[in-house]
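Here is the structure we will look at, set down as structure tokens.
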Amino acid sequence: MSSELLISDSKPRPEGLRKLCEGETVILPRDIIPSKCAYFLKQNIVFISYIFIHIIITIILNRLALSAHGNTLIVILAALLITISLFLLLLLPYLNCSRYKLRCLDDDCKFKLLAEVITHKPNVDLSTWDRIAYDMNQFVYDRRICADRSFFYDGSSCYQVFKKLVATPYLVNSNMNSIDADLEMRSNAATNINDSGNSSLHIELGTYIFKALAVFRNSVDKYWEDKYPEMGVTV
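The sequence shown begins at 3 in my numbering and counts up by one.
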């Protein structure tokens with residue numbers, strides 16, 4: 003997919019990051035490639051091509067192994083390639099999960115994602131994440147983490163990565179005061195960070211995770227209150 007398809011104006015801004023102009027339409031990979039399967043294939047074309055070639059070589063070696071019963075080396079190589087092929091095939095679903103995408107992001111990208119959440123105040127309505135996904139695609143592209151502006155397929159995929167990023171702060175006791183909760187969250191981020199797939203996460207980043215999570219929770223509460231005012235309570 004050409005980069006120009008994903009934004010209306012591809013000319014770089016002085017600050018290095020494009021900002022949406024008033025009235026500019028948010029265009030995501032979802033709008034260019036309606037099929038998630040086709041999007042996945044495009045994003046991982048090199049890896050999938052490697053698997054395809056690997057499987058062909060495996061088939062050839064297995065045929066040689068069947069016709070050369072006395073050649074132990076060929077039999078061993080064939081068995082090894084079968085094992086590797088199975089591993090590579092099992093690895094494919096991981097490339098499509100939010101944990102893998104989160105691991106692809108450096109700390110600057112994580113800060114940017116949290117800043118976008120704090121700024122735009124999204125909720126569980128996935129359309130509120132489209133603008134964030136758009137901005138993040140540009141930022142990730144500028145950081146040379148992705149070859150084009152298609153890192154996030156849509157707002158939903160961006161939301162899933164955010165949830166994975168803030169998984170540790172969800173363990174914070176909501177009954178704590180803000181200072182104690184912040185200290186507890188910092189401790190969790192330092193000691194349990196491997197559980198959420200962020201081995202390089204800094205303590206400073208943990209503070210903004212907590213702030214973004216608080217903004218998100220407030221936005222979600224308001225969303226449900228507006229949608230079901232008759233409930234009279236915060237969900």
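Where is the CB? At the ideal position from N, CA and C, for every residue including glycine.
Hey, quick one: how far does the alpha helix (DSSP H) through residue 69 stretch, first residue to last? Run containing residue 69: 47–69, per the alpha helix (DSSP H) assignment.
With DSSP as the reference, label residue 222 as helix, strand or coil. Helix.
Is the beta carbon of residue 97 closer than 8 Å to that of residue 139? Taking a C-beta distance under 8 Å as the contact criterion, residue 139 and residue 97 do not qualify as a contact pair.
Collapsed DSSP secondary structure at residue 152 in the structure displayed: Residue state, collapsed to three classes: coil.
Quick check: the Cα distance between residue 232 and residue 226, rounded to an integer number of angstroms? For residue 232 and residue 226, the distance between alpha carbons rounds to 10 Å.
Option nearest residue 123 by Cα separation, candidates 230, 217, 81, 211: Taking only the C-alpha atoms, the option nearest residue 123 is 217.
May I ask which residues mark the beginning and end of the alpha helix (DSSP H) holding residue 87? Its alpha helix (DSSP H) spans residues 74–93.
Excluding the five sequence neighbours on either side, which residues of its own chain have a C-beta within less than 8 Å of the C-beta of residue 2, listed in chain order? An answer regarding residue 2 cannot be provided, because it is not within the stretch 3 to 237 covered by the chain.
Can you check which of these residues, 78, 104, 136, is closest to residue 32 by C-alpha distance? Ranking 78, 104, 136 by Cα distance to residue 32 puts 136 first.
Cβ-based burial, residue 229 [other Cβ within 10 Å; buried from 16]: Label assigned to residue 229: exposed.
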